[in-house]
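**Q** Going from the sequence shown to this note's numbering is simple: count from 1 and add 10.
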Amino acid sequence: MAVRSYLDWNATAAMREEAKAAFAAAVSLAGNPSSVHAEGRAARALIETAREQVAALVGALPGNVFFTSSGTEANMLALTPAIETADEKRLRARLMLSAIEHASVRAGGRFPRDAIEELPVGSDGRLDLAALAAAVPKTPRPLVSLMLANNETGVIQPVDEAAAIVHSAGGLLHVDAVQAVGRIACDLATLGADLLTLSAHKIGGAKGVGALIRAREDIHFPEPLIRGGGQERGLRGGTENVAGIAAFGAAAAAAGERRESEAGHMAMLRDELETGLLAVTPSAVIFGRGAGIERLPNTTLFSLSGMKAETAVIAFDLEGVAVSSGAACSSGKVQPSHVLAAMGVVGPLLRGAVRVSLGWDTAETDVEKFLAAWRKLATALSKDQRGIAA
Ligand code: PLP
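Pasting the structure below:
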């Protein structure tokens, strides 16, 4: 098979070699981590090492890391009216979230629909802090959920400023850091997050593992999503995914160690890709690119009037380049992006958005291959348009 260029790392990253090794070692262990015998203790040790590694990645205490089956489940677990803290045991009446959250946050967890309030973002793709500051005081003890970086545009959100606003109104802040961690600095205390969601497969672990991390031990969830054998200190019943968790830990350690060099490498290639893209089609729009807007180092979301995202993704695929049309969704259907719609993008640009996301393994040749495919596609598009105009 011809060599392909995988440029869809925001959908899922390649598994890191360290994570594969940890996964393989763990699947050969027989023990159940809840068993008291030596085999059980060996499995338990893998989980506790991984807990330390994941905690270290975000500056948390290991005891505050709870493993789940995914980022989606961690979000679902976090977004509940029943979150207790040392000085607040009453239910939280409202959930506030930005209009650009991932579907797993937009679903609102265990809040009823009419208790969920969506907050606007600006045309730069960032949460409107003034709208947050106006909304928060109207609600006693709100729970606010804000992503650290958007999965489609890569735009980094003003989380620390949002945290100050939320805390001044007695609220709690949940941060979905799934796309940000391993790519930019992500420290619980600096962010001011009370709760943080991570997903293993975005940092080079296995698919189907995530974590909810609390900033303090006094944050409690009296109503777990899955009850049963009391695993994860009662918060998530079910025998743990030992191999997936061990791989998550190994991936977290590697991501933490190499973050700065990997981010530098990705940013260099991303800049090259964007310069090349605009050289071929100067009228292409790269969303969230502009002075003063911070983006992930690996993500480019672009559109060109007259281009249909689904056609473009297929054309790239035929040229051996895997990209996506905004967020990957289980139905495989392309729907206009709620993120771009929230940013005020309309019409053909909204329907044509294609996301290119790079990873630590991406090479110069991948960018060249992307640009060669783009030249071909742009030429075909302009011929089509001339045909329509004639
Ligand atoms: N949050 C964000 C921002 C994401 O991009 C994703 C996955 O794409 C998730 C949550 C869900 O993570 P998982 O795939 O582990 O359920």
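The beta-carbon is built from N, C-alpha and C at its ideal position, and this holds for glycine as well.
Can you tell me whether I324 is buried or exposed, with buried defined as 16 or more other CB within 10 angstroms of its CB?
**A** Exposed is the call here.
**Q** What I want to know is whether the C-beta of V356 ends up closer than 7 Å to one or more non-hydrogen atoms of ligand 1.
**A** Answer for V356: no, Cβ out of range of ligand 1.
**Q** Would you mind stating whether T163 and T59 have Cβ atoms separated by less than 8 Å?
**A** For T163 and T59, no; Cβs fall outside 8 Å.
**Q** If you draw a straight line from the C-alpha of W19 to the C-alpha of V290, how long is it?
**A** Distance between the alpha carbons of W19 and V290: 24 Å.
**Q** For T207, tell me which candidate among L89, K393, S44 and L368 has the shortest Cα-Cα distance.
**A** Closest by alpha carbon: L89.
**Q** Check whether the Cβ atoms of N160 and V349 sit closer than 8 Å, and answer yes or no.
**A** Yes; because the gap between Cβ atoms is below 8 Å, this pair is in contact.
**Q** Would you mind stating whether M25 and G266 have Cβ atoms separated by less than 8 Å?
**A** Their beta carbons are not under 8 Å apart, which means M25 does not touch G266 by this criterion.
**Q** For E242 and G218, what's the separation of their Cα atoms in angstroms?
**A** Spanning the two alpha carbons is a distance of roughly 16 Å.
**Q** Just confirm the distance between the C-beta atoms of E374 and L279, as a whole number of angstroms; I'd bet it's less than 8 Å.
**A** Sure, about 7 Å apart at Cβ, within 8 Å.
**Q** Whose C-beta lies closer than 7 Å to the C-beta of P147 among residues of the same chain, with five residues either side of it excluded?
**A** Answer for P147: A179, listed in chain order.
**Q** By a C-beta neighbour count over all protein chains shown, 10 Å radius and 16 as the cutoff for buried, is G417 buried or exposed?
**A** What the structure shows of the chain is the stretch from 11 to 400, and residue 417 is not part of that stretch, so it cannot be assessed.
**Q** Rounded to the nearest angstrom, what separates E270 and W384 at their Cα positions?
**A** One C-alpha to the other measures close to 29 Å.
**Q** For D138, which residues in the same chain have their Cβ closer than 8 Å to its Cβ, ignoring the five residues on either side in sequence?
**A** Correct list, in chain order: L129, P130, V131 and G132.
**Q** List the endpoints of the continuous beta strand (DSSP E) containing A221.
**A** It spans G220 to R224 - the beta strand (DSSP E) in which A221 sits, taken as one unbroken run.
**Q** DSSP state of M353, grouped into three classes?
**A** Of the three classes helix, strand and coil, the one that applies to M353 here is coil, per DSSP.
**Q** Should T309 be listed as close to ligand 1, given that the test is whether its C-beta is under 7 Å from any heavy atom?
**A** Not so, every heavy atom of ligand 1 lies at least 7 Å from the Cβ.
**Q** Answer yes if the stretch 230-245 comes into contact with the stretch 191-208, meaning at least three C-beta pairs across the two stretches below 8 Å, and no otherwise.
**A** No, the stretch 191-208 does not touch the stretch 230-245.
**Q** Pick out whichever of V64, A52 and A23 has its Cα sitting closest to the Cα of I255.
**A** Of the candidates V64, A52 and A23, the one whose C-alpha sits nearest the C-alpha of I255 is V64.
**Q** According to DSSP, is W384 helix, strand or coil?
**A** Looking at W384 - three-state DSSP - the assignment turns out to be helix.
**Q** Which same chain residues end up closer than 8 Å to L198 when comparing Cβ atoms and leaving out the 5 residues on each side of it in sequence?
**A** Within the same chain, L198 has close Cβ partners V68, G69, A70, L206, I223 and A225.
**Q** With a threshold of 8 Å, are at least 3 pairs of Cβ atoms found where one atom belongs to the stretch 272-287 and the other to the stretch 356-372?
**A** Touching, per the Cβ criterion.
**Q** Would the beta-carbon of V188 be found less than 7 Å away from any heavy atom of ligand 1?
**A** Yes, the beta carbon of V188 sits closer than 7 Å to at least one heavy atom of ligand 1.
**Q** With a cut-off of 8 Å on the beta carbons, I'd call V333 and V356 a contact; round off their distance for me.
**A** The Cβ separation is near 23 Å, so there is no contact.
**Q** Is S114 near ligand 1 - that is, is its Cβ less than 7 Å away from at least one heavy atom of it?
**A** Yes - ligand 1 has a heavy atom lying nearer than 7 Å to the Cβ of S114.
**Q** Could you pull out every unbroken alpha helix (DSSP H) segment of at least 4 residues lying fully inside the stretch 247-314, listed in chain order?
**A** Listed in chain order, they are 252-290.
**Q** Under the assumption that K386 contacts E329 (Cβ atoms under 8 Å), give the Cβ distance between them as a whole number of angstroms.
**A** Yes, K386 and E329 are in contact; Cβ-Cβ is about 7 Å, under 8 Å.
**Q** Return the CA-CA distance between A173 and A48, expressed in angstroms with no decimal places.
**A** Taking the straight line from one Cα to the other gives about 44 Å.
**Q** Over what stretch of residues does the alpha helix (DSSP H) that includes L182 continue unbroken?
**A** Element bounds for L182: not the alpha helix (DSSP H) but the beta strand (DSSP E), L182 to D186.
**Q** Drop a sphere of 10 angstroms on the beta-carbon of S114, count the other beta-carbons inside from all chains shown, and report buried for 16 or more, exposed for fewer.
**A** With 16 or more other Cβ atoms within 10 Å, it is buried.
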